[in-house]
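Accompanying notes for the structure given below.
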Amino acid sequence: MSLLSPDHLRIGLGASYAVMARVRGVQVVDWHMQQWAPAASGLPWQQALSTVSSWLAQDKTKGQKADVVLSSELAPMQLLPWREDVVSPEQQALLASAQYRRIYGDVAAHWKVSVQPTGYAQPWLSSAADERLLTALDTQLTGVKVHSTQPLVASLFNPLHKKLATSSWLLIAEPERVTALLIRQGQWQMLQTFPTAALQAESAKGLLLRELRLAGLEEEQSSFYTVGCSMTGAVALDVGWSADASIAPQAPMYLLGGRA
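The sequence shown stops at residue 268 when you use the numbering used here, and every number in between is there.
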């Protein structure tokens, strides 16, 4: 039995795109997508939210549940190194907040940070999102009830990780960014996000090998998997959505996140 009701919505927001779909089980029966050049200033999520709000205003169905996924630009993620003296989520959240401020500057002061352990003596996984965006999801998306909000990368990884080999690179593409995850023995070892242009300028494998060396990690034979992009020698993963006949076959439905 599907966990998704016939009137369930999936929404994907990015700095340069917005997607929305109505799903019935695994079937995407209604699809909206719009793209634009990223804004040079202002809130990076406002145009995406306004776009989805305009779609919802044309929809007469009310009270639908919606799962929202955020791009790596709106919900950046990072791995925090294991520390014996920092064991609680609260301590890790403080360290993560400081790291986000160091990387992104004062804008990170508005971010809500979440952390999750990945195993004893393993890096902690953290993610962040603008608290103003999280509030606006409830106040501006009229007619829907936001059921969950999570990073696109996490939403895709959760249902796909069982398909990965013991040592694997997983590349997840967005219109402006590509996130690369290195997984070994089921544990996250590296998480890097690159502009799409970086992978156009040099081979993905060459870029990842350089980052691996910079991180001080040992090289070993790894399998390569992709979502939303192609790479020679890599396995392209299907996230499980099935398109209605009215939807173009090339529609990037993975931007809706992974199927629960």
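For glycine and all other residues, C-beta sits at the position ideal for the given N, C-alpha and C.
For clarity, every value in this text was computed on a predicted model and none was experimentally measured.
Residue 104 to residue 253 span [Cα, whole Å]: Each residue's alpha carbon lies about 44 Å from the other.
Within 10 angstroms of its Cβ, does residue 227 collect 16 or more other Cβ (buried), or is it exposed? Answer is exposed; the Cβ neighbour count stays below 16.
Here's the rule: buried if 16 or more other CB atoms are within 10 angstroms of the residue's CB, otherwise exposed. What is residue 111? With a 10 Å radius around the Cβ and a threshold of 16 neighbouring Cβ atoms, residue 111 comes out exposed.
May I ask you to list the residues that DSSP assigns as paired with residue 39? The partner list for residue 39 (beta bridge, DSSP) reads 29.
Alpha carbon to alpha carbon, how far is residue 242 from residue 68? For the pair residue 242 and residue 68, the Cα-to-Cα distance works out to about 43 Å.
If you scan the stretch 149-231 from start to end, which runs of the alpha helix (DSSP H) of 4 or more residues do you find wholly inside it? For secondary structure counted as the alpha helix (DSSP H) over 4 or more consecutive residues, the stretch 149-231 holds these complete runs in sequence order: 160-168, 204-209 and 212-222.
What residue does the alpha helix (DSSP H) around residue 110 start on, and which one ends it? Per DSSP, residue 110 is one residue of the alpha helix (DSSP H) stretching across 97-112.
Unbroken beta strand (DSSP E) run spanning residue 79, endpoints: Per DSSP, residue 79 lies in no beta strand (DSSP E) segment and is marked neither H nor E.
Can a CB atom of chain B be found closer than 8 Å to the CB of residue 22? Of the protein chains in this structure there is only one, and it is not chain B.
Please identify the residue among 16, 124, 25 and 244 whose C-alpha is closest to the C-alpha of residue 60. Comparing Cα positions, the closest option is 25.
Distance between beta carbons of residue 83 and residue 137, contact taken as under 8 Å: The beta carbons of residue 137 and residue 83 sit about 5 Å from each other, so the pair counts as a contact at 8 Å.
Whole-angstrom distance between residue 77 and residue 185, CA atom to CA atom: Cα to Cα, residue 185 sits roughly 15 Å from residue 77.
Just the Cα atoms here: how many angstroms apart are residue 198 and residue 22? Their Cα atoms are separated by approximately 23 Å.
State the Cα-Cα distance for the pair residue 92 and residue 131, rounded to the nearest angstrom. Inter-residue distance for residue 92 and residue 131 is about 11 Å (C-alpha atoms, whole angstroms).
Would the stretch 170-179 and the stretch 190-206 be scored as touching if the rule is three or more Cβ pairs under 8 Å? Taking a cut-off of 8 Å for Cβ pairs, the stretch 170-179 and the stretch 190-206 touch, as three or more such pairs fall below it.
Closest Cα partner of residue 196 within the set 211, 183, 219 and 169: For residue 196, the nearest C-alpha among the options comes from 169.
Just list the residues that DSSP pairs residue 135 with in beta bridges. In the DSSP output, where bridge partners are listed per residue, residue 135 has 85 and 122.
First and last residue of the uninterrupted beta strand (DSSP E) at residue 264: Where residue 264 is concerned, there is no enclosing beta strand (DSSP E), given that its DSSP letter is neither H nor E.
Would DSSP call residue 250 helix, strand or coil? Here residue 250 sits in strand by DSSP.
Contact set for residue 248: own chain, Cβ-Cβ below 8 Å, skip 5 residues either direction: Here the set comprises 34, 167, 266 and 267.
Decide if residue 115 is buried, meaning its Cβ has at least 16 other Cβ atoms within 10 Å, or exposed. Burial check for residue 115: the Cβ neighbour count within 10 Å stays below 16, so the residue is exposed.
Which of the three DSSP states is assigned to residue 94 in this structure? In this structure, DSSP gives residue 94 a state outside helix and strand, which the three-state scheme calls coil.
In chain order, what residues of the same chain have a beta carbon less than 6 Å from the beta carbon of residue 70, not counting five sequence neighbours either side? Contacts found: 151.
Length of the line joining the Cα atoms of residue 54 and residue 200: Whole-angstrom Cα-Cα distance: 25 Å.
Alpha-carbon to alpha-carbon, residue 30 and residue 17: Rounded to whole angstroms, residue 17 to residue 30 spans 5 Å at the Cα level.
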